[in-house]
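There are 2 protein chains.
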Amino acid sequence: MERRVGTVLAQVARLMRRAFDERAREIGVTRPQWQVLSVLLRHEGIKQGGLAEILEVEPITAGRMIDRMQDAGLVERRDDPADRRAWRLYLTGRGREIMDRLQPLARETSDQTLSGISEAETAALLGTLEKMLENLTGRPAGANSWDD
Amino acid sequence: MERRVGTVLAQVARLMRRAFDERAREIGVTRPQWQVLSVLLRHEGIKQGGLAEILEVEPITAGRMIDRMQDAGLVERRDDPADRRAWRLYLTGRGREIMDRLQPLARETSDQTLSGISEAETAALLGTLEKMLENLTGRPAGANSWDD
DNA sequence: CAGAATTAGTAGGCTTGCTTAGTATTGACC
DNA sequence: GGTCAATACTAAGCAAGCCTACTAATTCTG
Chain A
0 MERRVGTVLA QVARLMRRAF DERAREIGVT RPQWQVLSVL LRHEGIKQGG LAEILEVEPI
60 TAGRMIDRMQ DAGLVERRDD PADRRAWRLY LTGRGREIMD RLQPLARETS DQTLSGISEA
120 ETAALLGTLE KMLENLTGRP AGANSWDD
Chain B
0 MERRVGTVLA QVARLMRRAF DERAREIGVT RPQWQVLSVL LRHEGIKQGG LAEILEVEPI
60 TAGRMIDRMQ DAGLVERRDD PADRRAWRLY LTGRGREIMD RLQPLARETS DQTLSGISEA
120 ETAALLGTLE KMLENLTGRP AGANSWDD
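Sequences listed follow chains A and B, in order. Counted from 1, the first sequence has number 79 at position 80 by numbering that gives the first Met the number 0; the numbering is strictly sequential. Counted from 1, the second sequence has number 139 at position 140 by numbering that gives the first Met the number 0; the numbering is strictly sequential.
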């Protein structure tokens, strides 16, 4: 039985990504890229390693994404004055503009996905998912947080 | 608030895949490949298109996966006697053996992820996820089923 | 201060997903 | 029976994950 949790979870996650990307294609941004922009909005000047940690992704994955987003003019790499190995990441004006246009698309996607599901059920879902996240990362979910 | 559902969902899905792949690396099989084997076990002789539909994946994605799994000796393509465009897919002996070894790893992964979460909560999670799946695919979740 | 260990990021190469565009075969319709 | 649309699959090319292995800079330790 439990086998199905991973399967269904992966399926829903993939279909949500597809639904978002479909809407955002015209803007030329993918959902993972939107998530990067989202983090950068809250943590201007973060290093690549920090970004990777928040996203729970390997540093190389974050680095490659920043490569593409820099080419697209969405983000900017600046030297870290205190550490010559590191980059500091900043949103460009274009990146900021695009965030404004993506927000409603994200809303639409989650509205579509959660249609007919009550607030309470959604909250319960989120609660369970956060426990799972803790089990997988071995650290409290609040710590790797998105909204501090 | 709802924004976070997609994000957390994607994160949990990715970390579960990582946890499974870590365990299965020694066997040389990834989680998506395990899912293919799983479907084939229940639907011997299915065509690639049918496989893609069950997995909710594009046909080309399924095709490329079968390429690799055929190279690895896990599955076999046989001609469809009634349609020269199509392939019929079968597990090899090796594929079947490997399934036996993967089952416990899948179990471990979901046990780790769901540790401290009650049966009732897990069932509720699954129920919610299936509603979301319906919302995303536009068809009843039982239809694209895994276990008929 | 010198040398070792850690940290920040990159390079190459793989799988899994996608889109768009193509070929080959089948099936439906006049 | 011939044309034409639909179907089954493949090709090329991209994004986003991963792992292993590397360079360069920093920090720790003796």
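Ideal placement from N, C-alpha and C gives every residue a C-beta, glycine not left out.
Item                                                                                                                              : Value
First through last residue of the alpha helix (DSSP H) which encompasses B/L135                                                   : E118 to T136
Proximity test, Cβ basis, 8 angstroms: B/M131 and chain A                                                                         : yes
Residues from the stretch 38-52 of chain A in contact with chain B, defined by Cβ distance under 9 angstroms                      : none
Of the listed residues A/G27, A/A85 and A/R16, nearest to A/L50 (C-alpha basis)                                                   : A/A85
Among A/L73, A/R67 and A/G126, nearest to A/L91 - alpha-carbon criterion                                                          : A quick correction: the sequence has Thr, not Leu, at residue 91 of chain A. It is A/L73 whose Cα lies nearest to the Cα of A/T91.
9 angstroms Cβ cut-off: residues of chain B touching A/T29                                                                        : What A/T29 touches in chain B: nothing, since even the nearest Cβ is about 12 angstroms away.
Length of the line joining the Cα atoms of B/R76 and A/I65                                                                        : 40 angstroms
Inter-stretch contact (C-beta, 8 angstroms, three-pair minimum) for the stretch 19-37 of chain A and the stretch 17-35 of chain B : no
Cβ of A/I59 within 8 angstroms of any chain B Cβ                                                                                  : no
Cβ-Cβ distance between B/E129 and A/V4 below 8 angstroms                                                                          : no
Interface positions of the stretch 3-21 of chain A facing chain B (Cβ-Cβ less than 9 angstroms), listed along the chain           : R3, V4, G5, T6, V7, L8, A9, Q10, V11, A12, R13, L14, M15, R16, R17, A18 and F19
Which residues DSSP lists as bridging A/E75, in chain order                                                                       : A/Y89
Host alpha helix (DSSP H) of B/L39 (start-end)                                                                                    : R30 to R41
Proximity below 8 angstroms, CB of A/L14 to CB of B/E55                                                                           : yes
Cut-off 6 angstroms between Cβ atoms - residues of its own chain near A/K46, not counting five sequence neighbours on either side : A85
Span of the alpha helix (DSSP H) around A/A51                                                                                     : Q47 to L54
Distance CB(A/L104)-CB(A/A12) smaller than 8 angstroms                                                                            : no
Anticipated Cβ contact below 8 angstroms, A/Q10 with B/L132, distance rounded                                                     : 6 angstroms
Bridge partner(s) assigned by DSSP for B/D82                                                                                      : B/D79
CB contact check: B/T127 to chain A, cutoff 8 angstroms                                                                           : yes
Members of the stretch 106-119 of chain A near chain B, C-beta cut-off 8 angstroms                                                : R106, T108, S109, D110, Q111, T112, L113, S114, G115 and I116
Contact check, A/S114 vs B/N134, beta carbons under 8 angstroms                                                                   : yes
Sequence-distant residues of the same chain with beta carbon closer than 7 angstroms to B/V28, five excluded per side             : I97 and L101
Any chain B beta carbon closer than 8 angstroms to A/D147                                                                         : At A/D147, the pLDDT of 38 sits below 50, so the modelled position is not reliable; the number obtained from the coordinates is stated separately. False, the Cβ-Cβ gap to chain B never drops below 8 angstroms.
Contact residues within the stretch 88-105 of chain B, judged by C-beta distance below 7 angstroms to chain A                     : A105
8 angstroms Cβ cutoff, B/A123 in contact with chain A                                                                             : yes
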